[in-house]
Every structure is written in structure tokens, then in C-alpha cells.
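Below is one structure; the comments refer to it alone.
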Amino acid sequence: MSRIEGQCLCGAVSVAVNDPPGWVGLCHCDMCKRWSGAVFAAFPASDFALSGPVMEHPSSPVSYRAFCGRCGSHLYMRDDDRAERDFMPGLFAATGDWPLKSEIYTDRALCWARLPGDHKRATEAEYEAKYPSPMGDHA
Ligand SMILES: [Zn+2]
Ligand SMILES: [Zn+2]
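Going letter by letter, the sequence shown gives residues 23 to 161 in our numbering.
The structure is reproduced here in C-alpha cells:
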């Protein structure tokens, strides 16, 4: 079993994840751009431990986005009906060499955030055809 540990910018929130996937996905939807400043990067994990002042914002009727209550570092996103969290890779030093596996809402990306490579891609229409969202966006 592998385990990685991370923390927020101020160190008040600590997080440990067991058996992380070893890859990262990106989302360029309007909500993720607004929340992340440009592009939301994350990896899914269901076996984790969090401590510290974790705050959750209900960003849609079906999902929450979490941040440190002291420094505001973004921590994860979660859906109501999923045990997994989508953690921000920048919290963990160990994620530096993880490959980019997939990218969604590619047609919504900021012009300089259109990334080369042979990873999987889906436009807004392609993604929402598979995963309809009550928000009409990646909620
Ligand atoms: Zn913090
Ligand atoms: Zn998104």
C-alpha cells in the first residue's frame, strides 16, 4: 500500500491518502475555472484522512468544494452520492511526476491552457452526453 501526505498552504490542514491512482485529471468548465482561477486539477481517492479546519462550500445542488478555513487553499471536491473526493494534487509533494490522464471541457479552456499530449479529452458536449449534470455544467 502506498500512502502520500500533503498539507494546505498554511499547514493547518493535513491530508493523507492511501493507494492514490498516480495520475491527474483536469477540468476547464466555468465553475472549475472560477474556483481554481484557471483549471481544476484533481485525482480521485476514497481512502483518506483529513485533519484541521476543513470548510465545505455547497457549489451546486449535488456537490461540495472544500478549502482550508485559515488560508483558503483548495482541498477537494466531492459529490453527494460519491464517497470519493477529488483532491488537488498541489497539496502533495509526491504528485510531481504523475501523468495527465484526462481533460474535460476542453473547448472551455483558457487559450493558454490547451495542453498538448495524447491523454483523453472530452468537450463540454461530449462530457455532458455521458454525464448529464443538473447544473448544465461540471457541477
Ligand atoms: Zn491552510
Ligand atoms: Zn469542472
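Ideal Cβ placement from N, Cα and C applies to all residues, glycine included.
Bear in mind the structure is a predicted one, so any value in this text is a computation, not a measurement.
- Around the Cβ of D108, a 10 Å sphere holds 16 or more other Cβ atoms; the residue is buried.
- For S58, there is no enclosing beta strand (DSSP E); the enclosing alpha helix (DSSP H) has its first and last residue at D52 to S58.
- Around the beta carbon of P43, a 10 Å sphere encloses fewer than 16 other beta carbons of the protein chains shown; the residue is thus reported as exposed.
- In the three-state reduction of the DSSP assignment, R130 falls in the helix class, which pools H, G and I.
- Under the three-state reduction of DSSP output, E106 falls in the coil class, being neither helix nor strand.
- Assignment of G112 by DSSP, reduced to helix, strand and coil, places it in the helix class.
- Distances from the CB of M53 to the heavy atoms of ligand 2 include at least one below 7 Å.
- With a cutoff of 8 Å on beta-carbon distance, A67 and V46 are scored as not near each other.
- With fewer than 16 other beta carbons inside 10 angstroms of its own, G94 counts as exposed.
- For A151, the three-state secondary structure derived from DSSP is helix.
- Under the DSSP definition of a beta bridge, D101 partners with S85.
- Looking only at G33, A71, P80 and I126, the smallest Cα-Cα distance to A151 is reached by I126.
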